[in-house]
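Residues -23 to -1, 1 to 247, numbered by mature numbering (1 follows the signal peptide of the UniProt record, and there is no 0), are exactly what the sequence shown covers, in order.
All C-beta atoms in this analysis are idealised placements derived from N, C-alpha and C, irrespective of residue type, glycine included.
Okay, structure first, notes after.
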Amino acid sequence: MELHRATSLAALMAVLLSGCAHQVPATVPEVASGFLKGYLSRETLPNSKLLLPPPPAKDSAAFTADEAAYRSTRSLKDTPRWALAIQDAELKFPEVTAAFSCAVNAPLTPDATPRLYMLLRRSATDAGLAMNAAKDNYKRPRPFMEFNETSCTPADEPSLRRNGSYPSGHTGIGWAWALILAEVAPDRTDPILYRGYTYGQSRVVCGVHWQSDVEAGRVVAAGVVARLHADPVFEADLTAAKREIAAAREKQLLPTRDCTAEAAAMAIHK
């Protein structure tokens, strides 16, 4: 990998997947310090620049809709939905996988479900990096930049300013996980997909992504998951993950979040 590509990769992963501190098996190398290698090579990742149209132009109806979506969420500040958006902004492992614990109705941890946890880490890298081509090409400014306002995560704003808004990497990771987890626990498909949807919408609530960024992130994520199914290592991990969830249910292991509070927050819409 060329030096400038390695630098770009490290910068992107620092935004998308910061703080992966957990130990990983020696058989799974890292793409940068603390960042676990995905299943797909750079050559086999879906190309987001080819998959997506350009982001909406400022004189378009689509951009007017983006502005309206952003404005409609400003009244959510200091509500439980705002707090959930802050929580959803966290991409540090192992905390991040808890976002889907209630939806799956099981703990998604390195101790309770180690193969599933590893699958989520590796697929997150694939989903995150698949956004790179479009992000680098369009370099779209984020809503909090456009309006010179504060997002729900002010400490993240310096790094977010250096990383294009279109498509949404957080959304891509969350939607890829939702599609995968719906296969792991098909009886929980509706709550899992709904959580994947609200996970992406949290980026609009937070003020760090436009609605069209979020929708584009879901498109690329679907392409990533489709491509992952052609990878035999992913398929083996998926099979193992299904067994782990079945075992966790036999043991009646509980989710690692307050599911009542999470459901109440997700029910708040704007």
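Using C-beta distances below 6 angstroms, list every residue in its chain close to P6, excluding the 5 sequence neighbours before and after it, in chain order. Here residue 6 corresponds to residue number 29 of the sequence shown, with the count starting at 1. Taken in chain order, the residues that qualify are K14.
Beta-carbon contacts of residue 260 that lie in its chain and below 6 angstroms, excluding the five residues immediately before and after: Only positions -23 to 247 of the chain appear in the structure, and residue 260 is not among them; the question remains open.
For the putative contact between G151 and Y176, defined by C-beta atoms under 8 angstroms, what is the C-beta separation to the nearest angstrom? Numbered from 1 along the sequence shown, position 174 holds the residue referred to as residue 151. Numbered from 1 along the sequence shown, position 199 holds the residue referred to as residue 176. At roughly 3 angstroms, the Cβ-Cβ gap stays under 8 angstroms, so G151 and Y176 are in contact.
Measure the C-alpha to C-alpha separation of L205 and T86 and round it to an integer number of angstroms. For the purposes of this step, residue 205 is identified with residue 228 of the sequence shown, where counting begins at 1. For the purposes of this step, residue 86 is identified with residue 109 of the sequence shown, where counting begins at 1. Cα to Cα, the separation comes out at about 22 angstroms.
Run of the alpha helix (DSSP H) containing C183, from where it starts to where it stops: Position 206 of the sequence shown, counting from 1, holds the residue named residue 183. Start and end: T166 to C183.
Are E134 and S142 closer than 7 angstroms when you measure CB to CB? In the sequence shown, counting from the first residue as 1, residue 134 sits at position 157. In the sequence shown, counting from the first residue as 1, residue 142 sits at position 165. Pairing E134 with S142 gives a Cβ-Cβ distance that is not under 7 angstroms.
Within the chosen definition, does the segment 153 to 166 reach the segment 44 to 59 through at least 3 CB pairs nearer than 8 angstroms? no
Return helix, strand or coil for L96, following the three-state DSSP convention. Your numbering for residue 96 matches position 119 in the sequence shown. Three-state result, L96: helix.
Tell me whether N125 is buried or exposed, calling it buried when 16 or more other Cβ atoms sit within 10 Å of its Cβ. Translated into the one-based positions of the sequence shown, residue 125 becomes position 148. Exposed is the call here.
May I have the straight-line CA-CA distance separating A203 from R98, to the nearest angstrom? Numbered from 1 along the sequence shown, position 226 holds the residue referred to as residue 203. Numbered from 1 along the sequence shown, position 121 holds the residue referred to as residue 98. Cα to Cα, A203 sits roughly 17 angstroms from R98.
Helix, strand or coil at V5 [DSSP, three-state]: Within the sequence shown, residue 5 is the residue found at index 28, counting from 1. Note: V5 maps to coil in three-state DSSP.
L53 (DSSP reduced to helix, strand or coil): The count along the sequence shown starts at 1 and reaches residue 53 at position 76. Of the three classes helix, strand and coil, the one that applies to L53 here is helix, per DSSP.
Of the residues V182, T233, L231 and A218, which one's Cα is nearest the Cα of H246? For the purposes of this step, residue 246 is taken as residue 269 along the sequence shown, with counting starting at 1. Closest by alpha carbon: V182.
Among E212, A223 and R234, which has the Cα closest to the Cα of I157? Translated into positions along the sequence shown, residue 157 becomes position 180. The residue with the shortest Cα to Cα distance from I157 is E212.
List the DSSP bridge partners of L22. Against the sequence shown, residue 22 aligns to sequence position 45. BP columns for L22 are empty, so no partner.
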